[in-house]
Amino acid sequence: MSLTRPIDNRPRTAPPSAAPRRAPLAPRTRPVPVPVQVPPNLLDPPSWGQRILPRTVRDSLEALGWWQNPVPQPPSIHLTQTLGALEKYGWCKSLDISPTGRMCIRGAQSMLQRAGHVTPTDRAKAVHYLQLSLHEIGVHQPFFHWNDLPERTFPQVRQRINRAVHLAHTNGE
22 MSLTRPIDNR PRTAPPSAAP RRAPLAPRTR PVPVPVQVPP NLLDPPSWGQ RILPRTVRDS
82 LEALGWWQNP VPQPPSIHLT QTLGALEKYG WCKSLDISPT GRMCIRGAQS MLQRAGHVTP
142 TDRAKAVHYL QLSLHEIGVH QPFFHWNDLP ERTFPQVRQR INRAVHLAHT NGE
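What the sequence shown shows, in the working numbering, is residues 22 to 194, in sequence order.
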């Protein structure tokens with residue numbers, strides 16, 4: 022008497038009623054890019070405290086838990102903050118910061134960098150996008166020279182900064 026069973030080479034399958042039903046596959050589509058939603062507080066220009074207190078004092082206060090330094094932002098948000106600073110504190114020509122507190126584009130960027138809102142690398146990228154927006158209209162001079170031209174108006178400055186923000190968003194920055 023043999024204790025082994027004969028080998029059955031037939032494939033084992035479940036009856037049709039036991040097999041799980043699968044939904045038909047949907048056609049693959051590319052995901053639609055979602056516009057970046059920036060919290061409104063990131064777009065606010067630095068407060069007077071951020072502008073006046075030296076970095077060492079702010080760092081000491083942060084170590085004690087009495088201050089929170091800003092998080093450096095990418096070029097597109099930095100340019101938006103620059104425009105916000107110009108709208109809040111005023112725009113001027115020929116001086117980075119005027120005696121009354123108004124600023125040119127470069128002055129606003131410097132103030133944001135000193136306050137910790139942008140790193141030097143991201144500021145350089147923002148300047149690049151600003152220069153690209155000027156090249157689109159045929160201007161081949163530094164943006165701070167363009168800012169100081171006698172015929173320059175704030176609506177033109179706003180338009181060029183907004184275009185630079187768009188260029189930065191397009192490149193994912």
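Backbone N, C-alpha and C define an ideal beta-carbon position, used for all residues, glycine too.
Bear in mind that the values here come from a model prediction, so they are computed numbers and not experimental data.
(Q) Buried or exposed, going by whether 16 or more other CB atoms sit within 10 Å of the CB of V78? (A) exposed
Q.
Could you compute how far the alpha carbon of Q94 sits from the alpha carbon of G193?
A. 13 Å
Q: Pick out the complete alpha helix (DSSP H) segments inside the region 68 to 110, 4 residues or longer, and give them in chain order.
A: 69 to 73, 76 to 85 and 96 to 110
Q. Going along the chain, which residues of its own chain have a beta-carbon closer than 7 Å to the beta-carbon of L74, five neighbours each way excluded?
A. none
Q. Heavy atom of the ligand SAH less than 7 Å from the Cβ of D143, yes or no?
A. Judged by which ligands are present, the structure shown has none, so any question about the ligand SAH falls away.
**Q.** DSSP state of I118 mapped onto helix, strand, coil
**A.** strand
**Q.** CA-to-CA distance, Y150 to H156, given in whole angstroms
**A.** 10 Å
Q.
Using the Cβ count rule (16 or more neighbours within 10 Å means buried), how would you classify I158?
A. exposed
Q: List the whole-angstrom C-beta distance separating W118 from T103, where the pair is believed to meet the contact cut-off of C-beta under 8 Å.
A: Note on residue identity: the sequence assigns Ile, not Trp, to residue 118. About 13 Å; that fails the 8 Å criterion.
Q: Count the C-beta pairs between the region 130 to 139 and the region 172 to 192 that are closer than 8 Å, then say yes if the count reaches three, no if not.
A: no
Q. Can you pull the DSSP bridge partners for W112?
A. M124
Q: Pick helix, strand or coil for H190, following the three-state DSSP scheme.
A: helix
Q) Can you tell me whether W87 is buried or exposed, with buried defined as 16 or more other CB within 10 angstroms of its CB? A) exposed
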